[in-house]
Amino acid sequence: MALKLICPNCGYLVRPKKVVKGSILIEVFLWLLFIIPGLLYSLWRLSTKTSVCPACGTPNPVPIDSPRGRKLLDEFGYKK
Ligand SMILES: [Zn+2]
31 MALKLICPNC GYLVRPKKVV KGSILIEVFL WLLFIIPGLL YSLWRLSTKT
81 SVCPACGTPN PVPIDSPRGR KLLDEFGYKK
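In our numbering, the protein residues as written are 31 to 110.
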């Protein structure tokens with residue numbers, strides 16, 4: 031089930047989508063060079079996965095079924 035999120039900055043309704051920070055090239059390079067740094071870099075990239083607003087890039091949009099999300103829906107004038 032895709033829970034909708036609302037951007038607290040611009041009010042854009044965000045469909046959850048994960049973005050991964052870092053570079054796949056660096057990851058492959060580290061894997062080729064050493065096993066352990068490659069593994070650590072992979073884990074770091076996975077740990078930095080976060081949702082962002084596609085309209086303004088603000089991280090961590092708020093779920094619309096949370097109290098804060100409902101307040102934001104009202105603030106940005108969305109009708110339920
Ligand atoms: Zn936004």
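A virtual CB, placed ideally from N, CA and C, is assigned to each residue, including glycine.
The structure presented is a predicted model; accordingly, all values stated were derived computationally and were not measured.
Buried versus exposed, by CB contacts within 10 Å (16 or more), residue i
| i | result |
| --- | --- |
| residue 58 | exposed |
| residue 102 | buried |
| residue 97 | exposed |
| residue 66 | exposed |
| residue 73 | exposed |
| residue 35 | buried |
Cα-Cα separation between residue i and residue j, rounded to whole angstroms
| i | j | result |
| --- | --- | --- |
| residue 89 | residue 52 | 16 Å |
| residue 69 | residue 93 | 32 Å |
| residue 108 | residue 87 | 21 Å |
| residue 91 | residue 75 | 20 Å |
| residue 104 | residue 71 | 41 Å |
| residue 55 | residue 64 | 14 Å |
| residue 37 | residue 95 | 13 Å |
Any chain B beta carbon closer than 7 Å to residue i
| i | result |
| --- | --- |
| residue 101 | Considering every chain present, this structure includes no chain B. It has just one protein chain. |
Given 8 Å as the limit, is there contact between the segment 34–42 and the segment 81–95, that is, 3 or more CB pairs closer than that?
yes
Within 6 Å of ligand 1: residues by beta-carbon to any heavy atom:
37, 39, 40, 42, 83, 85, 86, 88
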